[in-house]
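S.K.:
Residue numbers (full-length UniProt numbering): 1 to 421.
Structure, rendered in structure tokens:
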């Protein structure tokens, strides 16, 4: 028996001081019991006339509560219309559930705006074990879940809701969004958000102690491998004759699994990202990193050892740009390109110092100064970056093709393009 439910035989039971009783809401004109819901949050008492037959059919918890073996059920057989108090329940959530069970349309709830309400309904739905009866509404509430940006708090509440509703598909969708967009630090700062109070899934005992604890779960997938970069390694110009640590997958079977059809044919696929989106994000990240590093420093071999990704950024970001379809290229990518490839800028100079456009794939040019810097379009044509060249031409005009770059091997962008083609 639910220990929170207490039978009252009076039609209008006495109320605690400060508690406001609402008018009786009839969900069934022929109902045989009044549910009195004491909402601790609002200090209001919601009174609903309901049918115990409907409740018994919809919920095994209510079926037990109103059965002859328990006090509530026994008193109902002796009284025309009794009152049952439900303590510590949320009035809005219970009203929504009871309206649905009695075939009354509830208030429209948008999970994009009312994640807390959805989570509260889910918790009460789980408490009274009436998930099956609410399944069509669960689908309706989550129908637009894949659209719109959400805060970490909203994602957390939607995870609670999907879990309590026992909706694996929706839980997978929300989990995917959380994995992609929720900062790791949020897992340790839930207690700073008052809106998450009273949700047991985010109670202190269920939190990870530190963000690094999350990473510990993934540590078994990769391993560290010592490696020496020799003179013949053309992929690491700034690190020749140095010892490094490479991060590799711990076993070939992990790669095999990640690339297998099993990943694309089961629920794991929801955690994937489309190739175009991946290339956009990598290009955006590379440009942002390069701009940040180039704000106040001139690239040197020492700094490349400090910023391990800088060489990768310069060498490979144009490949990701070329893989983005023209109609999918975002404004942030275009703006980043034009910022990096501003004439005479330090960001362009650092690009040329790390990878000399006239000797691409051969060596760096640490001696290069601003006076020796080539034009942006010449740089793009020298490294055979077609998308990059197109963005620069659109910004600078067609006349940029014939402009001469001093101290260059081929003179202008057109001659550089012909040579490299």
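A virtual CB, placed ideally from N, CA and C, is assigned to each residue, including glycine.
All values derive from a computational prediction rather than experimental measurement.
Let me know if residue 394 comes out buried or exposed under the rule of 16 or more other beta-carbons within 10 Å of its beta-carbon.
M.R.: The residue labelled residue 394 in the question sits at position 394 within the chain shown. Exposed, since its Cβ has fewer than 16 Cβ neighbours within 10 Å.
S.K.: Could you check what DSSP says for residue 402 in three-state terms: helix, strand or coil?
M.R.: By one-based count along the chain shown, residue 402 stands at place 402. The answer is helix: DSSP assigns residue 402 an H, G or I state.
S.K.: For residue 43, is the classification buried or exposed, using 16 other Cβ atoms within 10 angstroms of its Cβ as the cut-off for buried?
M.R.: Taking the first residue of the chain shown as position 1, residue 43 is located at position 43. Per the 10 Å Cβ criterion, exposed.
S.K.: Relative to the alpha-carbon of residue 105, which residue among 27, 157, 158 has its alpha-carbon at the smallest distance?
M.R.: Against the chain shown, residue 105 aligns to sequence position 105. The shortest Cα separation from residue 105 among 27, 157, 158 belongs to 27.
S.K.: Do you know how far the Cα of residue 122 is from the Cα of residue 357?
M.R.: What you label residue 357 is simply residue 357 of the chain shown in a count that begins at 1. What you label residue 122 is simply residue 122 of the chain shown in a count that begins at 1. Their Cα atoms are separated by approximately 59 Å.
S.K.: Check for me: the alpha helix (DSSP H) holding residue 152 runs from which residue to which?
M.R.: Within the chain shown, residue 152 is the residue found at index 152, counting from 1. Where residue 152 is concerned, the enclosing alpha helix (DSSP H) stretches over 152 to 164.
S.K.: Going by the CB atoms, is the gap between residue 87 and residue 124 shorter than 8 Å?
M.R.: As a first step, residue 124 is located in the chain shown; it is residue number 124 there, counting from the start. As a first step, residue 87 is located in the chain shown; it is residue number 87 there, counting from the start. Contact flag unset, no.
S.K.: What are the start and end residues of the beta strand (DSSP E) that includes residue 82?
M.R.: What you label residue 82 is simply residue 82 of the chain shown in a count that begins at 1. Looking at the DSSP string, the run of the beta strand (DSSP E) that includes residue 82 is 82 to 87.
S.K.: With which residues is residue 26 paired in a DSSP beta bridge?
M.R.: Sequence index remark: in the chain shown, residue 26 carries index 26 (1-based). Residue pairing by DSSP places residue 26 opposite 49 in a beta bridge.
S.K.: Are residue 130 and residue 59 touching if we call contact CB-CB under 8 Å?
M.R.: Here residue 130 is taken as the residue at index 130 of the chain shown, counted from 1. Here residue 59 is taken as the residue at index 59 of the chain shown, counted from 1. In contact: residue 130 and residue 59 (Cβ atoms closer than 8 Å).
S.K.: Please classify residue 412: is it buried, with 16 or more other beta-carbons within 10 angstroms of its beta-carbon, or exposed?
M.R.: Here the question's residue 412 lines up with position 412 in the chain shown. The residue in question, residue 412, is buried, as its Cβ has 16 or more Cβ neighbours within 10 Å.
S.K.: Use the C-beta contact count for residue 261: other C-beta atoms within 10 angstroms, 16 or more gives buried, fewer gives exposed.
M.R.: Here residue 261 refers to the residue found at position 261 of the chain shown. So residue 261 ends up on the exposed side.
S.K.: Can you give, in chain order, each stretch of the alpha helix (DSSP H) that sits fully within the stretch 248 to 308 and has at least 4 residues?
M.R.: Listed in chain order, they are 252 to 258, 261 to 265, 275 to 293, 301 to 306.
S.K.: Just how far apart, CA to CA, sit residue 90 and residue 336?
M.R.: The residue you call residue 90 lines up with position 90 of the chain shown. The residue you call residue 336 lines up with position 336 of the chain shown. Each residue's alpha carbon lies about 49 Å from the other.
S.K.: If the criterion is Cβ atoms closer than 8 Å, does the pair residue 272 and residue 250 meet it?
M.R.: Position 272 of the chain shown, counted from the first residue, corresponds to residue 272. Position 250 of the chain shown, counted from the first residue, corresponds to residue 250. No.
S.K.: Could you give the distance in angstroms between the alpha-carbon of residue 30 and the alpha-carbon of residue 175?
M.R.: By 1-based counting over the chain shown, the position of residue 30 is 30. By 1-based counting over the chain shown, the position of residue 175 is 175. Computed Cα separation, rounded: 44 Å.
S.K.: What are the boundary residues of the beta strand (DSSP E) that residue 35 is part of?
M.R.: As a first step, residue 35 is located in the chain shown; it is residue number 35 there, counting from the start. Start and end: 33 to 39.
S.K.: Using the three-state DSSP reduction, which class does residue 243 fall into: helix, strand or coil?
M.R.: Locating residue 243 in the chain shown gives position 243, counting from the first residue. DSSP places residue 243 in strand when its eight states are reduced to three.
S.K.: Select from 135, 103, 404, 300 the residue whose C-alpha is nearest the C-alpha of residue 373.
M.R.: Looking up residue 373 in the chain shown gives position 373. Per the C-alpha coordinates, the member of 135, 103, 404, 300 positioned closest to residue 373 is 404.
S.K.: I'd like to check one pair, residue 321 with residue 343: are the Cβ atoms closer than 8 Å?
M.R.: Translated into the one-based positions of the chain shown, residue 343 becomes position 343. Translated into the one-based positions of the chain shown, residue 321 becomes position 321. By the CB criterion at 8 Å, residue 343 and residue 321 fall outside the cutoff.
S.K.: Alpha carbon to alpha carbon, what distance is there between residue 317 and residue 355?
M.R.: Against the chain shown, residue 355 aligns to sequence position 355. Against the chain shown, residue 317 aligns to sequence position 317. Each residue's alpha carbon lies about 12 Å from the other.
S.K.: In angstroms, rounded to a whole number, what distance separates the CA positions of residue 9 and residue 37?
M.R.: Here the question's residue 9 lines up with position 9 in the chain shown. Here the question's residue 37 lines up with position 37 in the chain shown. Legend: pLDDT at residue 9 = 32, less than 50; position of this residue unreliable, no value from coordinates given.
S.K.: Going by the beta-carbon positions, is the gap between residue 350 and residue 299 smaller than 8 Å?
M.R.: Within the chain shown, the letter at position 350 stands for residue 350. Within the chain shown, the letter at position 299 stands for residue 299. Against a cut-off of 8 Å, the Cβ pair of residue 299 and residue 350 comes out as a contact.
S.K.: Pull up the CB-CB distance for residue 102 and residue 54, whole angstroms please, since I reckon it's below 8 Å.
M.R.: Residue numbering aside, residue 102 sits at position 102 when the chain shown is read from its first letter. Residue numbering aside, residue 54 sits at position 54 when the chain shown is read from its first letter. Their Cβ separation, rounded to whole angstroms, is 6 Å, which keeps residue 102 and residue 54 in contact under 8 Å.
S.K.: Just mark residue 347 as buried or exposed, buried being the case when its beta carbon has 16 or more other beta carbons within 10 Å.
M.R.: The count along the chain shown starts at 1 and reaches residue 347 at position 347. Buried, by the Cβ-count rule.
S.K.: Which of the three DSSP states, helix, strand or coil, is assigned to residue 320?
M.R.: As a working mapping, residue 320 is identified with position 320 in the chain shown. Note: residue 320 maps to helix in three-state DSSP.
S.K.: Span of the alpha helix (DSSP H) holding residue 442?
M.R.: Any property of residue 442 remains undetermined from this structure, which presents the chain solely from 1 to 421.
S.K.: I think residue 287 touches residue 340, with their Cβ atoms under 8 Å apart; what is that distance to the nearest whole Å?
M.R.: On the chain shown, position 287 is the one that residue 287 refers to. On the chain shown, position 340 is the one that residue 340 refers to. Indeed, because the Cβ distance is near 6 Å, the residues count as touching under 8 Å.
S.K.: Taking DSSP as the reference, what is the three-state secondary structure of residue 393?
M.R.: Locating residue 393 in the chain shown gives position 393, where the first residue counts as 1. The answer is helix: DSSP assigns residue 393 an H, G or I state.
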